[in-house]
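Encoded as structure tokens, the structure appears first; notes follow it.
There are 2 protein chains.
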Amino acid sequence: MSGKVTITEVAKMAGVSVSTVSNLLNGRSERMRPETKDRILAAIEDLGYKPNRAARQLKTGQTRIIGLIVPSVANPFYGMFARHVEKTALENGYQVFLCNSERKPERERSYAEELLGYGVKGIILGSSLTQFTHLEDLMEQGLNLVAFDRLAQAEDRHIIDSVGVDNKLAARLATKHLLAMGHRRIGFLSGSTATVSRMDRLAGYKFALQEAGVEPDPKLIWEGTPGTFGDANAIELGRFGAHELFSLADPATALFAINDMYALGAYQGARDLSLEIPDDVSIVGMDDIMLTEIAQPPLTTIKQPLQQIAELSTKRLIERIQNTYSGEQEHISLTPRLIVRGSTARRKHREPLATSR
Amino acid sequence: MSGKVTITEVAKMAGVSVSTVSNLLNGRSERMRPETKDRILAAIEDLGYKPNRAARQLKTGQTRIIGLIVPSVANPFYGMFARHVEKTALENGYQVFLCNSERKPERERSYAEELLGYGVKGIILGSSLTQFTHLEDLMEQGLNLVAFDRLAQAEDRHIIDSVGVDNKLAARLATKHLLAMGHRRIGFLSGSTATVSRMDRLAGYKFALQEAGVEPDPKLIWEGTPGTFGDANAIELGRFGAHELFSLADPATALFAINDMYALGAYQGARDLSLEIPDDVSIVGMDDIMLTEIAQPPLTTIKQPLQQIAELSTKRLIERIQNTYSGEQEHISLTPRLIVRGSTARRKHREPLATSR
DNA sequence: ATAAATTAGTGTAACGTTACACTAACCAGT
DNA sequence: ACTGGTTAGTGTAACGTTACACTAATTTAT
């Protein structure tokens, strides 16, 4: 039961004052003789001394922790994101405090408050609701925010950098790919979350259709029912939505899913209707999580450069905290990439679709 | 820039001393008139006062944070586990500090040290290396540990409760299921991690074979190559291992994978050899992650009651921290359950296997 | 009427660390 | 021999909170 060993014990053992130990600990080692330094180091080693973070933080007001709020680490996409954020943070001497918001603004809020109470000065928001009003007063208290997938809003009163893929382009890429395969009845499959990224993807999808002279059909846009979110149950929702889209009077022959989990759910929905992928229907996902490759058939998807996003967000946040970057609010936009695998194919004219109209 | 608001501001605004505010904050509200209480509460609300955690912790030595160390949240199994732990912790007024060890003991160690520095008094270990010697001196400093999947060891010098499924039984269940389907050449597919759970599963596998009069064949036990771990690349390893097991001179006709990721990798390995699942080969996984259901065919697996494990671990850890439970070291063993889906079938006698011998 | 008990607070040391202001001892230059 | 400068430290207030020991004012009991 060695209990606590404080700086006082170390000082005593090394035969110096606490100030000297503190000086060494804080990089002012030029203020002492090398032998003194060695004696202190030896004492630290011997006693297994670890500085008390709470005391240090209370004094300095600093803590080398950043927050990361994601909808849910149960979602492999965010799990992977969290891992990359942690890696980058660690490399820069920061720890990561991870929080699952379940996409509830009030949880986001209470976590942010909690983190601020722990002296955390910066948070990465893994999923961005369209508004940050619920976090505004916390930013006033010095909290820095970096958002994943969110562009600046006119009403922003604080600097919120953001990093993300060009979601509109991503959806356009996916939709154009399907159009190029001859599909005209292309569905859009998502949940009902009020995220910027979802809005952008929906816009990109519509834009691509119009570009090709196809009028977007509201019936082909499946957005779940309000209040149904999809991190724990994205697969279920995807399955259900795909089932509906493929069962319309004038059914979809292809669909773009908001993420790979929905897409994989859509695989199920197609199977339920005995539709073959990609022979009967084509499916494009988004994110490129690990599972896309092992899906049968492997999923055609839009890849988000997740590691890069995580790195850039983390670095920018740390720069803001340390005030080593103080430019204008910035959105770092990365380019999504279409990865063609086995879930998309040219549309087959098996049945004269004209009959259905 | 409201900046910091401390207990002193609150006291001033309410016209009382800091002691009174502190009394209220710490549940001694019977020591003041209701109107005083209301005045203080109003001041707290008005100023948006949040107690400084660092100061509080420094004073009390307590922090309502527990640590959770898992190999990697990029692994969906641990992502889900983390989520359940967080939920339970939150319900009990604790926050969770999540750490990815990548299965490296030295990272486990440095995280544990770090957490201890932050005043954390308890850690849940999501994956258990056979030994905890690297954490022993930290336990001496008052750190509580609850391990997932680890039985007491003779040399344990501290109390380490553990919660987990009966891994030996789990492997036996899986193996017996395959034996009952007529398989005799059953492979065991895993990485090379030195975890208790893996050892137990291997033992259960061998036991089941011997029970059925089948002599375990070392050639059928694939354990990767030393040093290759498998959280980010479990699928790859599974694919590779399955490929080898199915390509032996006297090949496996079925296999039990250490977890679902390996099993899903094995799907690929089978496909690479144009083997149909379950017609040509049967595969059983373990864990029952979400993806098992959407795999094609849906994976037969051994379900771990993950939520229950997370809940029990978290509750026990908190009890130990608060000293509301002080019994002997305990291992809470839960029962695994076989879930038969579509990846297992009776062995077909297509080719006379006798020829190969 | 007085003593005792209760109510509604207050004062303050302490938690472990840091960083500024300080100093004692020594040395170099004149 | 004295000044000025450097080296190698030290002393201490402060960070925000808590909890114990205390007290002044009021109420109750005798």
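Protein chains in written order, with the working numbering: chain A, 1 to 357; chain B, 358 to 714. All C-beta atoms, glycine included, are put in the ideal place defined by N, C-alpha and C. Here the structure is a predicted model, which means the values were calculated and not measured.
>> Please list, in chain order, the chain B residues whose beta carbon lies closer than 7 Å to that of A:S72.
In response: Here residue 72 of chain A refers to the residue found at position 72 of the first sequence. Taking a Cβ-Cβ cut-off of 7 Å, the neighbours of A:S72 in chain B comprise R440, given in sequence order.
> By DSSP, does B:M643 sit in helix, in strand, or in coil?
Replying inline: Translated into positions along the second sequence, residue 643 of chain B becomes position 286. Secondary structure of B:M643 (DSSP, three-state): strand.
>> Quick check: the region 519-534 of chain B against the region 445-461 of chain B, are at least 3 beta-carbon pairs closer than 8 Å?
In response: With the cut-off at 8 Å, the region 445-461 of chain B and the region 519-534 of chain B do not touch.
> Under a CB-based cut-off of 9 Å, is B:V453 close to chain A?
Replying inline: Locating residue 453 of chain B in the second sequence gives position 96, where the first residue counts as 1. Cβ-Cβ to chain A under 9 Å: yes for B:V453.
>> Assuming B:K705 is part of the alpha helix (DSSP H), what are its boundary residues?
In response: Start at 1 with the first residue of the second sequence, and residue 705 of chain B comes out as number 348. From DSSP, B:K705 is part of no alpha helix (DSSP H); its letter is neither H nor E.
> Taking C-beta to C-beta, are B:K644 and B:Q625 nearer than 9 Å?
Replying inline: Within the second sequence, numbered from 1, the residue matching residue 644 of chain B stands at position 287. Within the second sequence, numbered from 1, the residue matching residue 625 of chain B stands at position 268. The sequence shown places Asp at residue 644 of chain B, not Lys. Not closer than 9 Å, so no.
> When the Cα atoms are used, what is the spatial distance from B:L630 to B:S639?
Replying inline: Taking the second sequence and counting its residues from 1, one reaches residue 630 of chain B at position 273. Taking the second sequence and counting its residues from 1, one reaches residue 639 of chain B at position 282. Answer to the nearest angstrom: the Cα atoms are 14 Å apart.
> By the criterion of Cβ-Cβ separation under 8 Å, what are the contact partners of B:K407 in chain A?
Replying inline: The residue given as residue 407 of chain B occupies position 50 in the second sequence. Among the residues of chain A, those whose CB is under 8 Å from the CB of B:K407 are E113, L116, G117, following chain order.
> Is there at least one Cβ from chain B nearer than 9 Å to A:Q141's Cβ?
Replying inline: The sequence position of residue 141 of chain A within the first sequence is 141, counting from 1. Judged by the 9 Å Cβ criterion, A:Q141 is in contact with chain B.
>> Between B:A620 and B:T658, how many whole angstroms is the CB-CB distance? I'm expecting something under 8 Å.
In response: By one-based count along the second sequence, residue 620 of chain B stands at place 263. By one-based count along the second sequence, residue 658 of chain B stands at place 301. Cβ-Cβ separation between B:A620 and B:T658: approximately 7 Å, consistent with a contact (criterion under 8 Å).
> So which residues of chain B does A:E86 contact, with C-beta pairs closer than 9 Å?
Replying inline: In the first sequence, residue 86 of chain A corresponds to position 86, counting from 1. By Cβ distance, chain B contributes V430, L455, C456, N457.
> Name the chain A residues that come within less than 8 Å of B:G424, Cβ to Cβ?
Replying inline: Counting from one through the second sequence, the residue named residue 424 of chain B turns up at place 67. Simply none; closest approach about 11 Å.
> Could you give the distance in angstroms between the alpha-carbon of B:D607 and the alpha-carbon of B:I543?
Replying inline: If you number the second sequence from 1, residue 607 of chain B lands on position 250. If you number the second sequence from 1, residue 543 of chain B lands on position 186. So the two alpha carbons sit approximately 11 Å from each other.
> A:P76 versus chain B: which residues are under 8 Å apart at the beta carbon?
Replying inline: What you label residue 76 of chain A is simply residue 76 of the first sequence in a count that begins at 1. The answer, in chain order, is A431, P433, G436.
>> Can you confirm whether the region 140-160 of chain A touches the region 118-126 of chain A when touching is taken to mean that 3 or more C-beta pairs between the two stretches lie within less than 8 Å?
In response: Result yes; three or more Cβ-Cβ pairs closer than 8 Å.
> How would you call A:E108, buried or exposed, if buried means at least 16 neighbouring beta carbons within 10 angstroms?
Replying inline: What you label residue 108 of chain A is simply residue 108 of the first sequence in a count that begins at 1. Its Cβ being crowded by 16 or more others within 10 Å, A:E108 is buried.
>> Is there a C-beta anywhere in chain B that falls below 9 Å from the one on A:M290?
In response: Translated into positions along the first sequence, residue 290 of chain A becomes position 290. So, interface residue.
> Does the pairing of the region 668-678 of chain B with the region 431-451 of chain B give three or more beta-carbon distances under 8 Å?
Replying inline: Using a C-beta cut-off of 8 Å, the region 668-678 of chain B makes contact with the region 431-451 of chain B, since at least three inter-stretch Cβ pairs fall below that distance.
> Would A:S110 pass as a contact of A:V70 if the rule is Cβ separation under 9 Å?
Replying inline: Counting from 1 along the first sequence, the entry for residue 110 of chain A is found at position 110. Counting from 1 along the first sequence, the entry for residue 70 of chain A is found at position 70. Cβ distance not < 9 Å, so A:S110 and A:V70 don't count as in contact.
> In the DSSP assignment, what are the bridge partners of A:N92?
Replying inline: Within the first sequence, numbered from 1, the residue matching residue 92 of chain A stands at position 92. Looking at the DSSP assignment, A:N92 forms no beta bridge with any residue, so it has no partner.
> Going straight from the alpha carbon of B:A599 to that of A:K348, what length do you get?
Replying inline: The residue labelled residue 599 of chain B in the question sits at position 242 within the second sequence. The residue labelled residue 348 of chain A in the question sits at position 348 within the first sequence. Answer to the nearest angstrom: the Cα atoms are 36 Å apart.
>> Applying the 10 Å Cβ sphere with the 16-neighbour rule, what's the burial state of A:T355?
In response: Along the first sequence, read from residue 1 onward, the residue named residue 355 of chain A stands at position 355. Residue confidence for A:T355 is low, a pLDDT of 43 falling below 50, so the modelled location carries little weight and cannot support an answer.
> Name the chain A residues that come within less than 7 Å of B:Y624, Cβ to Cβ?
Replying inline: Stepping through the second sequence from its first residue, residue 624 of chain B is reached at position 267. For B:Y624, the chain A residues whose Cβ falls inside 7 Å of its Cβ are I294, in order along the chain.
> Could one say the Cβ of A:R39 lies closer than 9 Å to chain B's Cβ atoms, at least one of them?
Replying inline: The residue given as residue 39 of chain A occupies position 39 in the first sequence. For A:R39, no CB of chain B lies under 9 Å from its own CB, so it is not counted at the interface with that chain.
>> Within the continuous alpha helix (DSSP H) that includes A:N167, where are the two ends?
In response: What you label residue 167 of chain A is simply residue 167 of the first sequence in a count that begins at 1. Its alpha helix (DSSP H) spans residues 167-180.
> Between A:S17 and the rest of its own chain, which residues show a CB-CB distance below 7 Å, the 5 nearest in sequence each way excluded?
Replying inline: Counted from its first residue, the first sequence places residue 17 of chain A at position 17. Same-chain partners within the cutoff: A11.
> If you compare alpha carbons, which of B:G548, B:G539, B:D557 is closest to B:A527?
Replying inline: Within the second sequence, numbered from 1, the residue matching residue 527 of chain B stands at position 170. Of B:G548, B:G539, B:D557, the residue nearest in Cα terms is B:D557.
> Which of the three DSSP states, helix, strand or coil, is assigned to B:H688?
Replying inline: Position 331 of the second sequence, counting from 1, holds the residue named residue 688 of chain B. Reduced to three states, the DSSP call for B:H688 is strand.
> When you compare only the Cα positions, how much space is there between A:V5 and A:Y49?
Replying inline: Counting from one through the first sequence, the residue named residue 5 of chain A turns up at place 5. Counting from one through the first sequence, the residue named residue 49 of chain A turns up at place 49. For A:V5 and A:Y49, the distance between alpha carbons rounds to 6 Å.
> Since A:L58 meets chain B, which of its residues come closer than 9 Å, beta carbon to beta carbon?
Replying inline: Within the first sequence, residue 58 of chain A is the residue found at index 58, counting from 1. Those are N409, A411, A412, Q414, L415, listed as they occur along chain B.
> Does the distance from the CB of A:L291 to the CB of B:L566 come in under 9 Å?
Replying inline: As a first step, residue 291 of chain A is located in the first sequence; it is residue number 291 there, counting from the start. As a first step, residue 566 of chain B is located in the second sequence; it is residue number 209 there, counting from the start. In this structure, A:L291 lies away from B:L566, with their beta-carbon atoms at least 9 Å apart.
>> I'd like the span of the alpha helix (DSSP H) that includes B:L674, first residue to last.
In response: By 1-based counting over the second sequence, the position of residue 674 of chain B is 317. Element bounds for B:L674: 663-679.
> By the criterion of Cβ-Cβ separation under 7 Å, what are the contact partners of A:L264 in chain B?
Replying inline: In the first sequence, the residue the question calls residue 264 of chain A occupies position 264. Under the 7 Å cutoff, chain B gives I651.
> Considering only C-alpha positions, which residue in the set B:N616, B:G561, B:L612, B:T552 is nearest to B:R460?
Replying inline: Stepping through the second sequence from its first residue, residue 460 of chain B is reached at position 103. It is B:T552 whose Cα lies nearest to the Cα of B:R460.
>> Quick check: what's the CA-CA separation for A:L189 versus A:E244?
In response: On the first sequence, position 189 is the one that residue 189 of chain A refers to. On the first sequence, position 244 is the one that residue 244 of chain A refers to. Between A:L189 and A:E244, the C-alpha separation is close to 10 Å.
> DSSP on B:L602, reduced to helix/strand/coil?
Replying inline: For this step, residue 602 of chain B is matched to residue 245 along the second sequence. Helix.
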